[in-house]
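In this note's numbering, the protein residues as written are 5 to 226.
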């Protein structure tokens, strides 16, 4: 796919391996497919095609080519090369792509979107594409963030040890919906029941037998 001259010069060559310093070129060319990626030469464009291909086809097909991608694959192959997605990532304190693992690839960026109140349908699609699985991840993450696990709780320890909130902006999550409010109230009631049952032992030492006793005591042996 041949590059065409740009009317306005972009900030730098899109090829990260550009031998001219990834930004020293003065006559940048734009990709004729997506019209967004810029290159200082056709050589650089060819070198970058492997990385740029998925995003380019995503733009030129209006999202049709990326529809089959999983959320993680979309984040790595499309969103990581999308200028709008990278601006959003900068706003929430992360760098794309995050990882190919389930936590770093989905839960981590989803968590940041929720914490910063930027978890709109448009932004979720911008990061994760059309894969419906992200809806389940997002729902669980909103519940966790709205519960705001206290210091010492398992979820607090996990988020701290995994550095999930490193370089994170201020917590400004969107308020809960009526359904989320009901779910959070139910969870907090169960948390109180567990804490009351465990007493001095502490919830960090809870066992399967403890959970069985809690269920039988509070809900009956059905």
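The C-beta atom is built at its ideal place from N, Cα and C for all residues, glycine as well.
Just so we're clear, the structure is a prediction, and the values are computed from it rather than from any experiment.
Helix, strand or coil at residue i [DSSP, three-state]
i	result
residue 163	helix
residue 34	strand
residue 22	coil
residue 44	coil
residue 228	For residue 228 there is no data in the structure shown, the boundaries of the chain being 5 and 226.
residue 87	helix
residue 53	helix
residue 60	helix
residue 171	coil
residue 217	helix
residue 151	helix
residue 129	helix
residue 158	helix
residue 178	coil
residue 97	coil
residue 109	helix
residue 212	helix
residue 122	coil
residue 66	coil
residue 39	coil
residue 16	coil
Cut-off 6 Å between Cβ atoms - residues of its own chain near residue i, not counting five sequence neighbours on either side
i	result
residue 74	135
residue 216	none
residue 178	121
residue 166	none
residue 80	101
Residue from the options with nearest C-alpha to residue i
i	options	result
residue 138	77, 92, 170 and 18	77
residue 34	155, 120, 16 and 111	16
residue 98	195, 189, 116 and 85	116
residue 170	211, 188 and 113	113
residue 158	142, 176, 195 and 131	195
residue 200	94, 69, 144 and 219	219
residue 40	46, 69, 86 and 50	86
residue 32	155, 191, 66 and 45	45
residue 175	96, 82, 202 and 141	96
residue 56	182, 203 and 42	42
residue 172	67, 90, 212 and 119	119
Span of the alpha helix (DSSP H), counted from its first residue to its last, around residue i
i	result
residue 113	112–119
residue 198	182–202
residue 75	75–81
Beta-carbon contacts of residue i that lie in its chain and below 7 Å, excluding the five residues immediately before and after
i	result
residue 38	59, 60, 63 and 64
residue 125	none
residue 127	92 and 117
residue 163	169
Other residues of its chain near residue i: CB distance less than 8 Å, five sequence neighbours each side excluded
i	result
residue 188	147, 150, 151 and 180
residue 88	130
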